[in-house]
Structure formats: C-alpha cells, structure tokens
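The listed protein sequences correspond, in order, to chains A and B. Numbering of the first sequence is given in our numbering, commencing with residue 113 and proceeding in unit increments. Numbering of the second sequence is given in our numbering, commencing with residue 113 and proceeding in unit increments. Using N, Cα and C, we set each Cβ at its ideal position, and we do this for glycine too. Scroll down for the structure; my scribbles are underneath it.
Number of protein chains: 2
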Amino acid sequence: MWRIDPASDDPLYAQLVAQVRLGVAHGTLRPGERLPSARELAASLELNMHTVLRAYQVLRDDGTLELRRGRGAVVASTATDLTDVERAVADLAAAARRAGLSVQTTTTLVTEAMHR
Amino acid sequence: MWRIDPASDDPLYAQLVAQVRLGVAHGTLRPGERLPSARELAASLELNMHTVLRAYQVLRDDGTLELRRGRGAVVASTATDLTDVERAVADLAAAARRAGLSVQTTTTLVTEAMHR
DNA sequence: CTACTTGTTCTACGACTACTAAAACAAACG
DNA sequence: CGTTTGTTTTAGTAGTCGTAGAACAAGTAG
Chain A
113 MWRIDPASDD PLYAQLVAQV RLGVAHGTLR PGERLPSARE LAASLELNMH TVLRAYQVLR
173 DDGTLELRRG RGAVVASTAT DLTDVERAVA DLAAAARRAG LSVQTTTTLV TEAMHR
Chain B
113 MWRIDPASDD PLYAQLVAQV RLGVAHGTLR PGERLPSARE LAASLELNMH TVLRAYQVLR
173 DDGTLELRRG RGAVVASTAT DLTDVERAVA DLAAAARRAG LSVQTTTTLV TEAMHR
C-alpha cells in the first residue's frame, strides 16, 4: 500500500484519500484496523504531517475513518456488501473501453447519473 | 445548455468541459455542430474569454472538439454507440446508491478499474 | 482584395489552494 | 507519570483559477 506519486496532477492528500477508500472498498482495510499515525506515515512517505492529516480529516468527514488523539486513525465500521458494485464497475469499465470513452468522460457520466 | 455555477467547488472551465462532454455523449451535441465562439459564450455567461477558451482547449486535446481560427469550435466526429455504456452507468449508479457509496468513492473505483 | 470573425499567444494581477515547516496544545494510551 | 497522537496556529513558497487587456494569425464572408 501507500504508493504516492509526487509528479501526479492529483494532490498528494487526494492520492492518500483515494487509496484508503479503495482499500476499504476492496476489503484490504477492515473495519477496526488501525492506520499508521500521521507523523509516522508522513515520515515514511517523505511528506509533511499536515498533508497526511488533511487526507485523514477528509476521510473522517466522509465517515470512512475515526480519529482520536493518542490512538490514531481507525477504519470505521461500515460493513456494506460491494459485490454488486464491483460487478457493475467492471461492466462499465468494459463498455466504456469498448466505446473508446476516456476515463474522464466516463466518470463525468457516472457523477451525473448519481446526482439525480 | 450552459448552466454555470460560480459558487461550485469545480472550476468554471471544468464545468464547461463536463457539459460539452455530456452533450456529445448524450447526442445533444452532434458531430459537425458548431459551438458558440469563445468571446460570444464568455459574454453570454459573464465569464472571461480565456476561461471559455481553456475549456475548449482541454476538449481539443481530448479529441472532442476541433478548433480553427475564423470558424470556431466544432464537435469532432466520434460517432460511437453509447447504449451499452448508458445502461452500465445506470446499473452502477443504482448499485452504488444501494450500497451507500459516495459519488467520490464510486468514481474512484471506476477510475481504478479503467486504469488496468 | 477587404473587412470581419475567431482562435492563439503574451503579460499581468489578485485570490485561492497545495504543501511544507515549526511550535505549542490537549486528550488518550500504557 | 511520560509517551503517543490528533488538533490548532502561524508562516512561507509554489502553483492554479479567473480576470483583464492587447496584439497577432488564419480562416470566413462580402
């Protein structure tokens, strides 16, 4: 885990957010599991503590993580079954690729569909 | 068409990009059709010409539009059938909503799935 | 050919975001 | 108790977003 690309267009904190979300969605990160502390993760990734903390705070506001002083960041207990979603995602990816759609156009379509 | 929200978190040019992409995907904008000139659209939306032009340039680099001086912005001829994609998008949106996933997490999953 | 339209390029500015940095603080842990 | 860890504050640099004005080049239309 924790593959950060400083040269990416996406902000560093957003990359962390996406990775945690994917980990939780895929079951790699299980509810109750503890993530590295902000200082620890920042040191190992050669980032600033605030950058890591910002990602953690986004995920806390999102309901994905629970943050407490002295304990650190813990994955919240969501416990939803994502098999349907995973299959739908795979189907969409295949259809979009077949149609020659870009990733951006595809996510734009998804965002629009979910905003209704 | 052309509903811009200056208070949105998304940049103005990104909103324009998304709307053109959706228009092309849904068939509202057909290949060969001409979009308003950058100055014209900027005036009617009360934006700066550069903001509109930036959106047009993103779409040109994307292959969605063709830009030529004196003529303006024209929808490129892609002509792909999107019925499969539309159905897959609707299925995914339903599954994600059923699982209680946020729009962001869902698009993150889609992005990841298409990057493989 | 001429006049007009339209995209292209350049410089510049103010506002905001992203990231880093150092420090001090408060709550929970062992 | 001391340690760990998130929280908050202040500060600086770099980059993006949007606006603005101007000049330029390649097409279009008459």
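Does residue i come out as helix, strand or coil in the three-state DSSP assignment?
i       : result
L134(B) : helix
R172(A) : helix
R146(B) : strand
L124(B) : helix
M231(A) : Since the first residue of chain A shown is 113 and the last is 228, residue 231(A) is not available in this structure.
T219(B) : helix
Please work out which residues of its chain come closer than 6 Å, Cβ to Cβ, to residue i, disregarding the five sequence neighbours upstream and downstream, and give them in chain order.
i       : result
L165(B) : A150
L128(A) : A167
A202(B) : none
Would residue i count as contacting chain A if we go by Cβ distances under 8 Å?
i       : result
A167(B) : no
S214(B) : yes
L141(B) : no
D173(B) : no
L221(B) : yes
L204(B) : yes
A211(B) : yes
A150(B) : no
Would a check of beta-carbon distances place residue i closer than 8 Å to chain B?
i       : result
V201(A) : yes
V65(A)  : Beyond the ends of chain A as shown, which are 113 and 228, falls residue 65(A); an answer cannot be given.
A154(A) : no
V197(A) : yes
A119(A) : no
E224(A) : yes
R133(A) : yes
L194(A) : yes
T218(A) : yes
Excluding the 5 residues preceding and the 5 following residue i in the sequence, name in chain order all residues of the same chain whose CB lies nearer than 7 Å to its CB.
i       : result
H162(B) : none
S120(A) : Q127
P143(B) : V187, A188, S189, T190, A191
Can you tell which of the options has the C-alpha that lies nearest to the C-alpha of residue i?
i       : options                            : result
A208(A) : A206(B), T218(B), T195(B)          : T195(B)
D174(B) : V136(B), A211(B), L221(B)          : V136(B)
D193(A) : R115(B), R210(B), R172(B)          : R210(B)
W114(A) : R228(A), D121(A), E158(A)          : E158(A)
A155(A) : S189(A), E224(A), I116(A), V215(A) : I116(A)
N160(B) : P123(B), T219(B), T218(B)          : P123(B)
L221(B) : P118(A), A205(A), G144(A), R228(A) : A205(A)
S214(A) : G144(B), T218(B), V197(B)          : V197(B)
A225(A) : T218(B), G144(B), E145(B)          : T218(B)
G212(B) : R199(A), Q216(A), T190(A), A130(A) : T190(A)
Q216(A) : S120(B), L134(B), P118(B), A119(B) : L134(B)
Using a Cβ-Cβ cut-off of 8 Å (strictly less than) and excluding sequence neighbours within five positions of residue i, which residues of its own chain qualify?
i       : result
L147(A) : V132, L141, L153, Y168, L177, G184, A185, V186, V187
Y125(B) : T163, V164, R166, A167, V170
E145(B) : V186, V187
Item to check | Ranges of the alpha helix (DSSP H) found wholly within the region 149-206 of chain B, counting only runs of at least 4 | outcome: The region 149-206 of chain B is shown to contain whole alpha helix (DSSP H) runs of 4 or more residues at 150-157, 161-173, in chain order.
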